[in-house]
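Peer 1: Structure provided below as structure tokens; questions to follow.
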Amino acid sequence: MVIALVGAALMSLDPVFIRFSGVNELETTFLFGLFTAISMSVVIRLNDKRGLLKVLLESGWPLLVAGVLMLGSSTGLVFAIKNTSVVNTFLILSSLPAVAALFSWIFLREKVSKQTMFAIVGVILGIGVVVSGSGADGTSSLYGDMLAMFSVAVLALMLTLLRKFPDVSRIGVVGFGGFLVAVVMIFFTEPSTFSLNTWLIMGAMGLFTAPFGRVLSMVATRYATAAEVSMTLMLETVLAPIWAYIFFTEVPGANSLIGGAILLITIIGYTLHLTKEES
Numbered sequence: 005m006v007i008a009l010v011g012a013a014l015m016s017l018d019p020v021f022i023r024f025s026g027v028n029e030l031e032t033t034f035l036f037g038l039f040t041a042i043s044m045s046v047v048i049r050l051n052d053k054r055g056l057l058k059v060l061l062e063s064g065w066p067l068l069v070a071g072v073l074m075l076g077s078s079t080g081l082v083f084a085i086k087n088t089s090v091v092n093t094f095l096i097l098s099s100l101p102a103v104a105a106l107f108s109w110i111f112l113r114e115k116v117s118k119q120t121m122f123a124i125v126g127v128i129l130g131i132g133v134v135v136s137g138s139g140a141d142g143t144s145s146l147y148g149d150m151l152a153m154f155s156v157a158v159l160a161l162m163l164t165l166l167r168k169f170p171d172v173s174r175i176g177v178v179g180f181g182g183f184l185v186a187v188v189m190i191f192f193t194e195p196s197t198f199s200l201n202t203w204l205i206m207g208a209m210g211l212f213t214a215p216f217g218r219v220l221s222m223v224a225t226r227y228a229t230a231a232e233v234s235m236t237l238m239l240e241t242v243l244a245p246i247w248a249y250i251f252f253t254e255v256p257g258a259n260s261l262i263g264g265a266i267l268l269i270t271i272i273g274y275t276l277h278l279t280k281e282e283s
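When we follow the numbering used here, the leftmost residue of the sequence shown carries the number 5, and every step to the right adds one.
Structural data, given as structure tokens:
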């Protein structure tokens with residue numbers, strides 16, 4: 005649980021680095037992808053005896069599809085953080101478990117319990133309340149909220165695919181997805197114009213906080229159930245708005261608070277249900 009808490013704390017810093025990058029959305033996405041690809045490649049080299057190339061080849065076509073989906077989710081996340089409030093972005097991201105369960109029901113024909121259906125309805129209601137107040141507080145926007153919803157939907161599709169193919173390397177997917185992000189975004193950027201400050205800020209995120217946060221969350225599942233880890237990772241949703249207030253003086257609007265309460269209560273209740281099921 006401590007490992008998962010540290011991972012969540014590190015990942016909650018993402019919006020701080022993205023906002024302070026000093027470059028636009030496309031350029032920030034390029035740097036995010038570049039450093040993610042580098043850091044994940046190093047992790048594979050250090051932790052997998054098969055080597056980078058063999059890990060990618062043995063994962064097969066599901067890794068290619070998952071990488072493309074990560075391209076969409078990563079781009080949506082960066083654009084969302086740049087265009088709406090951090091609070092709205094992370095509240096919408098917190099709906100991932102319920103959205104993934106919905107897609108597993110649709111595409112994998114997995115049985116959906118009554119509790120899962122209640123969670124899906126609660127998530128839809130919570131997101132609706134959050135989005136309905138966009139633009140009123142001066143820090144959020146419907147455009148940015150829609151990008152966050154797109155990011156969640158694509159990420160949930162990726163998790164559904166990986167659930168279908170459990171032998172695919174998760175770290176390989178993240179690294180390959182980062183590589184695709186960098187390759188696509190290089191056509192819309194001019195890295196030679198980036199300041200040293202930009203390289204250092206995004207390097208700190210892409211090489212340290214972001215990858216180590218994600219790797220720690222994966223490692224935590226070795227010692228605790230997936231549901232328990234998911235519950236612990238909710239700390240990310242709590243910490244991100246705190247950083248936003250400290251660094252950017254972002255104050256969430258009434259709709260974000262009400263919708264956020266609905267979302268958090270729903271996801272916490274659903275995760276407790278999963279924990280009980282796994283026990």
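Using N, Cα and C, we set each Cβ at its ideal position, and we do this for glycine too.
How would you label Arg113, buried or exposed, when you count the other beta carbons within 10 angstroms and need 16 or more for buried?
Peer 2: For the purposes of this step, residue 113 is identified with residue 109 of the sequence shown, where counting begins at 1. Flag for Arg113 reads exposed.
Peer 1: Please determine, among Ala41, Phe183 and Val134, the residue with the shortest C-alpha to C-alpha distance to Ile266.
Peer 2: Counted from its first residue, the sequence shown places residue 266 at position 262. Minimum Cα distance to Ile266 is reached at Val134.
Peer 1: What residues in its chain sit with their C-beta under 7 Å from that of Ala157, if we drop five residues either side in the sequence?
Peer 2: As a working note, residue 157 is residue 153 in the sequence shown. Contacts found: Val103.
Peer 1: From Tyr249, Gly273 and Glu281, pick the residue whose C-alpha is nearest to that of Asn92; which is it?
Peer 2: Here residue 92 corresponds to residue number 88 of the sequence shown, with the count starting at 1. The shortest Cα separation from Asn92 among Tyr249, Gly273 and Glu281 belongs to Tyr249.
Peer 1: Less than 8 Å separating the beta-carbons of Gly182 and Gly37?
Peer 2: Along the sequence shown, read from residue 1 onward, the residue named residue 182 stands at position 178. Along the sequence shown, read from residue 1 onward, the residue named residue 37 stands at position 33. Contact: yes.
Peer 1: What does a CB cutoff of less than 8 Å around Glu254 pick up in its chain, not counting 5 residues either side in sequence?
Peer 2: Locating residue 254 in the sequence shown gives position 250, counting from the first residue. Within the same chain, Glu254 has close Cβ partners Ser89, Val90, Val91, Thr143, Pro245 and Ala248.
Peer 1: Under three-state DSSP, which class holds Leu237?
Peer 2: In the sequence shown, residue 237 corresponds to position 233, counting from 1. DSSP places Leu237 in coil when its eight states are reduced to three.
Peer 1: Give the range of the alpha helix (DSSP H) segment to which Pro66 is assigned.
Peer 2: Locating residue 66 in the sequence shown gives position 62, where the first residue counts as 1. It spans Trp65 to Asn87 - the alpha helix (DSSP H) in which Pro66 sits, taken as one unbroken run.
Peer 1: Can you give me the start and stop residues for the alpha helix (DSSP H) that Thr164 sits inside?
Peer 2: Start at 1 with the first residue of the sequence shown, and residue 164 comes out as number 160. Leu146 to Lys168 is the extent of the alpha helix (DSSP H) around Thr164.
Peer 1: Whose C-beta lies closer than 6 Å to the C-beta of Ser16 among residues of the same chain, with five residues either side of it excluded?
Peer 2: Looking up residue 16 in the sequence shown gives position 12. Glu240, Leu243 and Ala244.
Peer 1: Do you know how far the Cα of Ile271 is from the Cα of Gln119?
Peer 2: For this step, residue 119 is matched to residue 115 along the sequence shown. For this step, residue 271 is matched to residue 267 along the sequence shown. Approximately 11 Å, taken between the alpha carbons.
Peer 1: So Gly179 and Thr40 are supposed to be a Cβ contact under 8 Å. How far apart are they, rounded?
Peer 2: If you number the sequence shown from 1, residue 179 lands on position 175. If you number the sequence shown from 1, residue 40 lands on position 36. That belief holds up - the Cβ atoms of Gly179 and Thr40 are roughly 7 Å apart, short of 8 Å.
Peer 1: Using CA atoms only, rank isn't needed, just tell me which of Leu220, Pro256 and Tyr274 is closest to Gly11.
Peer 2: In the sequence shown, the residue the question calls residue 11 occupies position 7. Among Leu220, Pro256 and Tyr274, the Cα nearest to that of Gly11 belongs to Leu220.
Peer 1: Between Leu60 and Leu67, how many whole angstroms is the CB-CB distance? I'm expecting something under 8 Å.
Peer 2: Sequence index remark: in the sequence shown, residue 60 carries index 56 (1-based). Sequence index remark: in the sequence shown, residue 67 carries index 63 (1-based). Yes, they are in contact, since the Cβ atoms of Leu60 and Leu67 sit about 6 Å apart, within 8 Å.
Peer 1: Mind reading off the beta-carbon distance from Met238 to Ser98? Whole number of angstroms is fine, and I expect it under 8 Å.
Peer 2: Reading the sequence shown from its first residue, position 234 is the one you call residue 238. Reading the sequence shown from its first residue, position 94 is the one you call residue 98. In this structure, Met238 and Ser98 form a Cβ contact; the two beta carbons are roughly 7 Å apart against a cut-off of 8 Å.
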